[in-house]
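Participant: Residues in the sequence shown are numbered from -11 upward in steps of one, following the numbering used here.
Note that beta-carbon positions come from the ideal geometry of N, C-alpha and C, so glycine has one too.
There's a structure below that I have some questions on.
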Amino acid sequence: MSKELCEAINEIDKNVVFDSGSQNYTFNDEILNAYCPNNNCDSESQKLSSSFIALLKNFKSIGNGNLEDDKLAQYAILWFSSKIKENTKAEHGINDIYNTLIKNNSWFSEHSESIEKKKDMMNFHFIHLKNLYALLKGICETINKCSGSSNTEECIKSAKKCADSYRACLTNFPWGGLCNPYCSVLSNLKKDYEKIREKYNYIPELTTPPGRKSCENYCQSLTQILNAEESAIEGTKRVTTHKISLLGQPRTPTSINNGNKLPYIAIPFILIPIILGISYKYITYRHRKKLNSKKKYANDYKFVFYEPDLKTLYKY
-11 MSKELCEAIN EIDKNVVFDS GSQNYTFNDE ILNAYCPNNN CDSESQKLSS SFIALLKNFK
49 SIGNGNLEDD KLAQYAILWF SSKIKENTKA EHGINDIYNT LIKNNSWFSE HSESIEKKKD
109 MMNFHFIHLK NLYALLKGIC ETINKCSGSS NTEECIKSAK KCADSYRACL TNFPWGGLCN
169 PYCSVLSNLK KDYEKIREKY NYIPELTTPP GRKSCENYCQ SLTQILNAEE SAIEGTKRVT
229 THKISLLGQP RTPTSINNGN KLPYIAIPFI LIPIILGISY KYITYRHRKK LNSKKKYAND
289 YKFVFYEPDL KTLYKY
């Protein structure tokens, strides 16, 4: 990272200031209107877009006309995204503003291809953008503090802030598809810091938090965890869907369709009284017949008398 690049970033920060209290932007340079339609910005979104183009053009001149350099495009998008996402009440999302840029500015349309490759950065959460931008600003400050100065204490103090910012970037980490773009930006920032350290070898090295080898390694681990969780969820969905489909199958015989269910349901209610009636008659008949037999037997027994032989009685 060069002094010129840092000066361009510092200059744009002075000209575009966001007040978190009022949630309003202040634009301090009328030259920013140069990249709005008819050289007149009607809204904050247009002014931010114009500022972004101004920064890109400045970077283009610093990078010998090469915006294909990952670093230049990434750092410009990092500034642009951070400025927009500072405003929690923004009416338009960053992608809306970006799409408006492509449609309404011919210069940007010509160079949009190199920006499109890094557009994923615009989807970073504000916390991640804030941490990355803090590291970028810290590196610029370290360059200013260390170069041409005999005050090594200030140089080391600024470098220690960079080391803290770097660890913060690896502590709070995006998942999924944003993981690799995030590591790409962080890797470029680290390379810029290492170039300073080559010249001023007394400043501290950028180290990772305990248990993390590198951004790329940690990103790979997170991706594997995410893929495993997605596979487990997908497997659970398939099992659940299969169970639901089984529960949802009809339990009635296939020969009985919905239109003929009523007669089949009514049959038991018709047969039950008939069966009970027949059973009642049969039981009553059997009971009556048995009762009559008992009565007849009793009557026969009642009218049988023993008639003694009179001759025998008077023999004695």
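On the three-pair Cβ rule with 8 Å, is the segment 156 to 170 touching the segment 182 to 195?
Facilitator: no
Participant: Excluding the five sequence neighbours on either side, which residues of its own chain have a C-beta within less than 7 Å of the C-beta of GLY115, listed in chain order?
Facilitator: Before going further, note that residue 115 is Ile rather than Gly in the sequence given. Counting only Cβ-Cβ distances below 7 Å, and skipping sequence neighbours, we find ASN160.
Participant: Taking only the alpha-carbon atoms, compute the straight-line gap between LEU(-7) and GLU(-1) and give it to the nearest angstrom.
Facilitator: 10 Å
Participant: If you follow the alpha helix (DSSP H) that ASP7 is in, where does it begin and where does it stop?
Facilitator: First-last for ASP7: 4 to 7, but that is the beta strand (DSSP E), not the alpha helix (DSSP H).
Participant: Excluding the 5 residues flanking SER146 on each side, which residues of the same chain have their C-beta closer than 6 Å to its C-beta?
Facilitator: GLU129, THR130, LYS133
Participant: In terms of DSSP beta bridges, what is TYR13 paired with?
Facilitator: PHE6
Participant: Determine, using beta carbons only, whether PHE15 and ASN3 come nearer to each other than 9 Å.
Facilitator: yes
Participant: According to the neighbour-count rule (16 or more other Cβ atoms, all chains shown, within 10 Å of its Cβ), is GLU182 buried or exposed?
Facilitator: exposed
Participant: Are PRO169 and LYS106 close, meaning C-beta to C-beta below 9 Å?
Facilitator: Result yes, Cβ atoms of PRO169 and LYS106 sit closer than 9 Å.
Participant: What are the boundary residues of the alpha helix (DSSP H) that PRO197 is part of?
Facilitator: Premise fails: PRO197 is in no alpha helix (DSSP H) and is neither H nor E.
Participant: Could you say if the segment 194 to 210 and the segment 5 to 12 meet the contact criterion of at least three C-beta pairs nearer than 8 Å?
Facilitator: no
Participant: Locate the alpha helix (DSSP H) running through ASP152, then write down its first and last residues.
Facilitator: 140 to 159
Participant: Measure from the alpha carbon of LEU43 to the alpha carbon of each residue in SER69, THR76, ALA22, ALA(-4), then state which is nearest.
Facilitator: Measuring from the Cα of LEU43, the nearest candidate turns out to be ALA(-4).
Participant: Could you tell me how far apart the beta carbons of SER33 and CYS24 are, in whole angstroms, since I believe they sit closer than 8 Å?
Facilitator: The pair is not a contact, with the Cβ atoms about 10 Å apart (cut-off 8 Å).
Participant: Specify, as a first and last residue, the run of the alpha helix (DSSP H) that ALA122 falls within.
Facilitator: 114 to 134
Participant: Counting only the same chain and skipping the five closest in sequence on each side, list residues whose C-beta sits under 8 Å from that of ILE144.
Facilitator: TYR190, ILE191, PRO192
Participant: In three-state DSSP terms, what is MET(-11)?
Facilitator: Three-state result, MET(-11): coil.
Participant: ASN153 and LEU117: beta carbons closer than 9 Å?
Facilitator: It should be noted that the sequence gives Ser, not Asn, for residue 153. No. Outside cutoff.
Participant: Measure the C-alpha to C-alpha separation of SER135 and ILE127 and round it to an integer number of angstroms.
Facilitator: Approximately 12 Å, taken between the alpha carbons.
Participant: Can you give me the C-alpha to C-alpha distance between ILE221 and ASN215, rounded to a whole angstrom?
Facilitator: 10 Å
Participant: Nearest CA to the CA of THR76: which residue from ALA22, TYR206, HIS113, LEU194?
Facilitator: HIS113
Participant: So the alpha helix (DSSP H) LYS106 belongs to, where does it begin and stop?
Facilitator: No alpha helix (DSSP H) holds LYS106; DSSP gives it neither H nor E.
Participant: What residue does the alpha helix (DSSP H) around SER38 start on, and which one ends it?
Facilitator: Residues 32 to 50.
Participant: Mapping DSSP to helix, strand and coil, what is TYR63?
Facilitator: helix
Participant: Three-state secondary structure (DSSP) at THR211?
Facilitator: helix
Participant: Return the CA-CA distance between MET110 and ILE65, expressed in angstroms with no decimal places.
Facilitator: 7 Å
Participant: Check for me: the alpha helix (DSSP H) holding GLU182 runs from which residue to which?
Facilitator: 167 to 187
Participant: Exposed or buried, TRP67, counting other C-beta atoms within 10 Å across all chains shown (16 or more means buried)?
Facilitator: buried
Participant: Spatial neighbours of ASN21 within its chain, please: C-beta separation below 8 Å, excluding the five flanking residues on both sides.
Facilitator: ASN27, ASN28, CYS29, LYS35, SER38
Participant: Identify, in the order they occur along the chain, each residue of the same chain with its Cβ nearer than 6 Å to the Cβ of PHE47, setting aside the five sequence neighbours on each side.
Facilitator: LEU60, ALA64
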